[in-house]
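Single-structure report; data block below.
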Amino acid sequence: MRGVPTERPVKRRRGARVVVVAADAVLLQGDTDPGLPGSRFWQVPGGGVDEGESTREAAARELHEETGLRVEPAELVGPVATRVVSHGYSDRILIQAETFYLLRTERFEPVNAALSEAEARRRVASAWFLVEDLPDDVWPSELPTLVAWDGGAPLDLGEVEESTVPVSDAG
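So this is what it looks like as structure tokens:
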């Protein structure tokens with residue numbers, strides 16, 4: 018692929034995400050890979066777990082940073098799912114052990130409260146989608162199952178790849 022480095026740095030970390038549901042809609046964030054103009058994918062709010070944080074604490078922090086909504090970690094339901102995901106981008110590979118939580122709330126207007134410079138370059142939109150109208154390029158593809166989760170053990174979503182540039186692509 019033109020413009021993609023043959024060697025991309027690999028970062029491994031723990032991550033936490035929040036499936037935010039208001040009535041029959043779910044909040045998604047549209048991101049792009051700056052190295053691939055025109056690329057877009059949709060995902061639920063979340064990010065890396067800082068040292069000393071639990072995944073629940075990280076999920077609440079990331080939710081505030083990415084949407085402006087403040088919640089106490091105890092308000093998050095779950096965990097509802099776990100997985101190990103490989104994200105291949107034009108400039109890096111991120112391998113993340115993710116834990117998903119659920120928040121049922123009233124619809125609100127999301128704001129970027131504390132995005133890093135790199136996150137702000139990638140973020141192109143935030144929008145509410147009806148579950149039956151989710152975009153094709155939503156990560157994780159199992160999102161409807163997570164929205165419908167009604168308790169019990171967390172779902173194991175296994176090991177997956179969600180990439181703008183496949184992890185195996187050597188350029």
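Residues 18 to 188 (my numbering) are what the sequence shown spells out, left to right. Quick reminder that beta carbons are idealized off the backbone N, C-alpha and C, glycines included.
Give me the residue from the options with the minimum Cα distance to residue i.
| i | options | result |
| --- | --- | --- |
| residue 94 | 150, 72, 64, 135 | 72 |
| residue 158 | 36, 92, 111 | 36 |
| residue 173 | 60, 152, 124, 160 | 160 |
| residue 85 | 123, 114, 128 | 128 |
| residue 83 | 150, 133, 39, 180 | 133 |
| residue 113 | 169, 153, 180 | 180 |
| residue 153 | 57, 115, 67 | 57 |
Using the C-alpha atoms, what's the distance from residue j back to residue i?
| i | j | result |
| --- | --- | --- |
| residue 167 | residue 105 | 32 Å |
| residue 175 | residue 99 | 7 Å |
| residue 78 | residue 59 | 20 Å |
| residue 184 | residue 91 | 35 Å |
| residue 165 | residue 130 | 28 Å |
| residue 19 | residue 55 | With a pLDDT of only 44 at residue 19, under 50, the local geometry of the prediction cannot be trusted, and the value read off the model is given with reservation. Taking the straight line from one Cα to the other gives about 15 Å. |
| residue 148 | residue 61 | 13 Å |
| residue 142 | residue 74 | 24 Å |
| residue 146 | residue 24 | 36 Å |
| residue 123 | residue 87 | 13 Å |
| residue 40 | residue 137 | 28 Å |
| residue 67 | residue 144 | 26 Å |
| residue 169 | residue 115 | 18 Å |
Please tell me whether residue i and residue j are closer than 8 Å, where the distance is taken between their beta carbons.
| i | j | result |
| --- | --- | --- |
| residue 63 | residue 42 | no |
| residue 102 | residue 171 | no |
| residue 30 | residue 69 | no |
| residue 177 | residue 45 | no |
| residue 109 | residue 48 | no |
| residue 119 | residue 38 | yes |
| residue 125 | residue 163 | no |
Just to confirm my understanding: we take residue i, look at its own chain, exclude 5 residues before and 5 after, and list those with CB closer than 6 Å. What are they?
| i | result |
| --- | --- |
| residue 107 | 21, 50, 52, 53, 182 |
| residue 26 | 109 |
| residue 121 | 38 |
Check whether the Cβ of residue i sits closer than 7 Å to any heavy atom of the ligand ADP, and report yes or no.
| i | result |
| --- | --- |
| residue 89 | Absent from the structure shown: the ligand ADP. Ligands present: none. |
Short of 7 Å in beta carbon distance, which residues of its chain neighbour residue i, apart from the five on each side in sequence? Order them along the chain.
| i | result |
| --- | --- |
| residue 89 | 77 |
| residue 111 | 28, 104 |
Given residue i, which residues of its chain have a CB within under 8 Å of its CB, disregarding the five upstream and five downstream residues?
| i | result |
| --- | --- |
| residue 135 | none |
| residue 81 | 87, 88, 130, 131 |
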